[in-house]
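Everything on this sheet refers to the single structure shown next.
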Amino acid sequence: MENHAKTILTIIVGFLLLYLYTKWFWIIYLISSIGVISLISSTATAGIVFLWMGLSKILSYIIPNVVLSVIFYLILTPFALISRLLNPNELALKNNTTSLWNMETRAIQKDSFEKSW
């Protein structure tokens, strides 16, 4: 019985919070039945925990992909498009000059080479 009691308690509290949010009365029956079954039978408790962990394993494959897709399409893509509209040649990919060297206008001193970082 490796932390089955904690897992059952977490499931019950989660469903209780869901009930408080939605006011669906059938959740009370579900909470009661999970609690009574887990008190009566340790085998049934292990089964409930196994099903719950299986559901969490399935969700662990789906949810991160959904969250990353939402972040990419709703946050990063508009940010990139706005950035491209406001500054289209940020990387200086279009070579409009005769030289790629930048001329330094200030006088270079000896101590400029001392601590370059």
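Numbering (full-length UniProt numbering), first residue to last: 1 to 117. A virtual CB, placed ideally from N, CA and C, is assigned to each residue, including glycine. This structure is a prediction, so every number in the text was calculated from the model and none was measured.
Secondary structure of residue i, DSSP reduced to three states
i    : result
P64  : helix
R106 : coil
P78  : helix
T43  : helix
K57  : helix
C-alpha gap between residue i and residue j, whole angstroms
i   : j   : result
L18 : T45 : 21 angstroms
K23 : L91 : 55 angstroms
A5  : I40 : 12 angstroms
V66 : N95 : 40 angstroms
Residue i, buried or exposed, once every other Cβ within 10 Å from all chains shown has been counted against 16
i           : result
residue 122 : Since the displayed the chain opens at 1 and closes at 117, residue 122 lies outside it and no answer follows.
S49         : Looking at the sequence shown, residue 49 is not Ser but Val. It counts as buried.
I58         : exposed
Unbroken alpha helix (DSSP H) run spanning residue i, endpoints
i   : result
L9  : 4–22
Y29 : 26–40
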